[in-house]
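*Asks:*
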Amino acid sequence: MKLLTIDDSRTIRRVISGIGAMLGYEVLEAENGEAGLKVLEQFSQEVGLVLLDWNMPGMIGLDVLKAIKADSRWRHIPVMMVTTEGEKDYIVKSIQAGACHYQTKPFTQEEMATRIMEAMGMGGV
Amino acid sequence: MGSNQGDGGSLEKVFNAVQVAVVDVLSRMAMTEVVFIQRERMPSFRIDQEAGGVVRLTGNLEGMIGIACPMRLVQDVVSRIVGLPPDQLNDEDLLDGIAELANMIGGWTKSNAGLTDVRVSTPMAIVGKSLLAEWKTDRITERFVFQVEDSVLYVLVSL
Numbered sequence: 001m002k003l004l005t006i007d008d009s010r011t012i013r014r015v016i017s018g019i020g021a022m023l024g025y026e027v028l029e030a031e032n033g034e035a036g037l038k039v040l041e042q043f044s045q046e047v048g049l050v051l052l053d054w055n056m057p058g059m060i061g062l063d064v065l066k067a068i069k070a071d072s073r074w075r076h077i078p079v080m081m082v083t084t085e086g087e088k089d090y091i092v093k094s095i096q097a098g099a100c101h102y103q104t105k106p107f108t109q110e111e112m113a114t115r116i117m118e119a120m121g122m123g124g125v
Numbered sequence: 126m127g128s129n130q131g132d133g134g135s136l137e138k139v140f141n142a143v144q145v146a147v148v149d150v151l152s153r154m155a156m157t158e159v160v161f162i163q164r165e166r167m168p169s170f171r172i173d174q175e176a177g178g179v180v181r182l183t184g185n186l187e188g189m190i191g192i193a194c195p196m197r198l199v200q201d202v203v204s205r206i207v208g209l210p211p212d213q214l215n216d217e218d219l220l221d222g223i224a225e226l227a228n229m230i231g232g233w234t235k236s237n238a239g240l241t242d243v244r245v246s247t248p249m250a251i252v253g254k255s256l257l258a259e260w261k262t263d264r265i266t267e268r269f270v271f272q273v274e275d276s277v278l279y280v281l282v283s284l
């Protein structure tokens, strides 16, 4: 099973890739929403969790989340928002749009690892 | 940009939130000890270190939050965050790293201060020797000085 991190920051993608590898997952990376959806086109049967930034140039994370949940090929894949946006309004909008977890940045490696394990254990929204 | 003048209580809340955000970001993401040294009023928003990152705030509160530090500190912090030795980081890694630090400090400041209807821009990063970047502004600009390991990190807030 693979994880997909969609974040415009290569620093954050690397952090998540490292944590995912530590947990035994291969991590696919995309630097924006459009690229992330293309990766899903290719690997939809193998991706077990999408970790999605909110603020990105181009398509914002919420729109990517809505696109994932609107497509019957992908809507079963759990999505975790990973963002600096910590306000209740953002969290509510994400959950309403179908996110299963919400992790604010900054995070410790242990926190992210726990979140990933919880989300993978959940197996769907 | 609109004015934030006359709302000193709110501005002070943001200034306090900045201190919390810097410590949270560096300790949680990089497992680095951070000590707040002092805060000082500045005549302008100036990045005069080898590396800098800036985000803009727009909406109910407008202004800028920036960080500035020696390149060696960026290398150390990014190395700790991504888990790679400093000599394996290239210029793109460092540019992205300092941009993400500014992004997280700006975003976490916004959350800690409970700012609603405020947008934090995507970050801008500046890296170079003998670098000097200055934004002249009539806003209040405060500079926070932190000790991080054996280096100094400056955080500028203009509101």
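Keeping their order, the protein sequence lines are chains A and B. Going by the working numbering, the first residue of the first sequence is number 1, and it counts up by one from there. Going by the working numbering, the first residue of the second sequence is number 126, and it counts up by one from there. C-beta atoms are modelled at their ideal positions from N, C-alpha and C, and glycine is treated no differently. Source: prediction; values computed, not measured.
Whose CA, out of A:Ala119, A:Lys105 and A:Ser72, lies closest to the CA of Asn55 of chain A?
*Replies:* Working through the first sequence from its first residue, we reach residue 55 of chain A at position 55. Considering only alpha carbons, the answer is A:Lys105.
*Asks:* When DSSP labels each residue in this structure, what does Lys254 of chain B get in the three-state scheme?
*Replies:* Translated into positions along the second sequence, residue 254 of chain B becomes position 129. In this structure, Lys254 of chain B counts as coil in the three-state DSSP scheme.
*Asks:* Check the Cβ of Gly208 of chain B against every Cβ in chain D and list those closer than 7 angstroms, keeping chain order.
*Replies:* The chain inventory of the structure shown lacks chain D, comprising the protein chains A and B.
*Asks:* If distances are taken between C-alpha atoms only, which option among A:Ile12, A:Gly24 and A:Arg73 comes closest to Lys38 of chain A?
*Replies:* Working through the first sequence from its first residue, we reach residue 38 of chain A at position 38. Of the candidates A:Ile12, A:Gly24 and A:Arg73, the one whose C-alpha sits nearest the C-alpha of Lys38 of chain A is A:Arg73.
*Asks:* Excluding the 5 residues preceding and the 5 following Ile116 of chain A in the sequence, name in chain order all residues of the same chain whose CB lies nearer than 8 angstroms to its CB.
*Replies:* Residue numbering aside, residue 116 of chain A sits at position 116 when the first sequence is read from its first letter. Excluding residues within five positions, the ones whose Cβ falls inside 8 angstroms are Leu3, Ile19, Gly20, Leu23, Tyr25, Leu49, Leu51 and Met80.
*Asks:* Alpha carbon to alpha carbon, how far is Leu257 of chain B from Glu111 of chain A?
*Replies:* Along the second sequence, one-based indexing puts residue 257 of chain B at 132. Along the first sequence, one-based indexing puts residue 111 of chain A at 111. Approximately 38 angstroms between the Cα atoms of the pair.
*Asks:* When the cut-off is 8 angstroms and only beta carbons count, does Met249 of chain B lie next to chain A?
*Replies:* Within the second sequence, residue 249 of chain B is the residue found at index 124, counting from 1. No, Met249 of chain B does not count as interfacial toward chain A.
*Asks:* Which residues share a DSSP beta bridge with Ala193 of chain B?
*Replies:* The residue given as residue 193 of chain B occupies position 68 in the second sequence. In DSSP, Ala193 of chain B forms a bridge with B:Gly177 and B:Tyr279.
*Asks:* Does Arg73 of chain A come out as helix, strand or coil in the three-state DSSP assignment?
*Replies:* Along the first sequence, one-based indexing puts residue 73 of chain A at 73. Correct three-state label for Arg73 of chain A: coil.
*Asks:* Is Thr104 of chain A helix, strand or coil by DSSP?
*Replies:* Here the question's residue 104 of chain A lines up with position 104 in the first sequence. Three-state DSSP puts Thr104 of chain A in a strand.
*Asks:* When you compare the segment 240-250 of chain B with the segment 209-227 of chain B, are there three or more beta-carbon pairs, one atom per stretch, that lie closer than 8 angstroms?
*Replies:* Judged by Cβ distances under 8 angstroms, the segment 240-250 of chain B makes contact with the segment 209-227 of chain B, as three or more pairs qualify.
*Asks:* Secondary structure at Gly58 of chain A, three-state DSSP: helix, strand or coil?
*Replies:* Working through the first sequence from its first residue, we reach residue 58 of chain A at position 58. Note: Gly58 of chain A maps to coil in three-state DSSP.
*Asks:* Is the separation between the beta-carbon of Ile230 of chain B and that of Val150 of chain B shorter than 8 angstroms?
*Replies:* On the second sequence, residue 230 of chain B is found 105 positions in, with the first residue counted as 1. On the second sequence, residue 150 of chain B is found 25 positions in, with the first residue counted as 1. Their beta carbons are under 8 angstroms apart, which means Ile230 of chain B touches Val150 of chain B by this criterion.
*Asks:* How about Val139 of chain B and Leu284 of chain B: are their beta carbons less than 8 angstroms apart?
*Replies:* Position 14 of the second sequence, counted from the first residue, corresponds to residue 139 of chain B. Position 159 of the second sequence, counted from the first residue, corresponds to residue 284 of chain B. The answer is yes: Cβ separation under 8 angstroms.
*Asks:* Express the C-alpha separation of Leu214 of chain B and Val15 of chain A in angstroms, rounding to a whole number.
*Replies:* Counted from its first residue, the first sequence places residue 15 of chain A at position 15. Counted from its first residue, the second sequence places residue 214 of chain B at position 89. Each residue's Cα considered, the two are about 14 angstroms apart.
*Asks:* Indicate whether at least one CB of chain A lies closer than 8 angstroms to the CB of Asp212 of chain B.
*Replies:* Translated into the one-based positions of the second sequence, residue 212 of chain B becomes position 87. It does not: the Cβ of Asp212 of chain B has no partner Cβ on chain A nearer than 8 angstroms.
*Asks:* What did DSSP end up calling Thr262 of chain B once you bin it into helix, strand or coil?
*Replies:* Walking along the second sequence from the start, residue 262 of chain B turns up at place 137. Three-state DSSP puts Thr262 of chain B in coil, outside helix and strand.
*Asks:* How far does the beta strand (DSSP E) with Ala30 of chain A in it extend, from its first residue to its last?
*Replies:* Counting from 1 along the first sequence, the entry for residue 30 of chain A is found at position 30. Counting along the chain, the beta strand (DSSP E) containing Ala30 of chain A begins and ends at Glu26 to Ala30.
*Asks:* I need the boundaries of the alpha helix (DSSP H) containing Gln96 of chain A, first residue and last residue.
*Replies:* For this step, residue 96 of chain A is matched to residue 96 along the first sequence. Run containing Gln96 of chain A: Lys88 to Ala97, per the alpha helix (DSSP H) assignment.
*Asks:* What residues in the segment 143-156 of chain B bring their beta carbon closer than 7 angstroms to a beta carbon of chain A?
*Replies:* Residues Asp149, Val150, Arg153 and Met154.
*Asks:* Near Val203 of chain B, what residues of its chain come up, given a Cβ to Cβ distance below 7 angstroms and the 5 sequence neighbours on each side ignored?
*Replies:* Residue numbering aside, residue 203 of chain B sits at position 78 when the second sequence is read from its first letter. Excluding sequence neighbours, Val203 of chain B sits near Leu214, Asp218, Leu219 and Gly222.
*Asks:* Name, please, each residue of chain B whose Cβ falls closer than 7 angstroms to the Cβ of Val15 of chain A.
*Replies:* On the first sequence, residue 15 of chain A is found 15 positions in, with the first residue counted as 1. Correct list: Ile206 and Val207.
*Asks:* Can you tell me the Cβ-Cβ gap for Ala176 of chain B and Val252 of chain B, rounded? I've got them flagged as a contact below 8 angstroms.
*Replies:* In the second sequence, the residue the question calls residue 176 of chain B occupies position 51. In the second sequence, the residue the question calls residue 252 of chain B occupies position 127. Ala176 of chain B to Val252 of chain B, Cβ: 5 angstroms. Contact.
*Asks:* Is Asn228 of chain B buried or exposed, if buried means 16 or more other CB atoms sit within 10 Å of its CB?
*Replies:* To locate residue 228 of chain B, count along the second sequence from 1; it is residue 103. Buried, since its Cβ has 16 or more Cβ neighbours within 10 Å.
*Asks:* Taking just the CA atoms, how far does Glu29 of chain A sit from Leu209 of chain B?
*Replies:* Residue numbering aside, residue 209 of chain B sits at position 84 when the second sequence is read from its first letter. Residue numbering aside, residue 29 of chain A sits at position 29 when the first sequence is read from its first letter. Distance between the alpha carbons of Leu209 of chain B and Glu29 of chain A: 18 angstroms.
*Asks:* With a threshold of 8 angstroms on Cβ separation, who are the neighbours of Met126 of chain B within its own chain once the five nearest residues in sequence on each side are excluded?
*Replies:* Counted from its first residue, the second sequence places residue 126 of chain B at position 1. Bear in mind that the predicted position of Met126 of chain B carries a pLDDT of just 48, short of 50, making it too unreliable to give a figure here.
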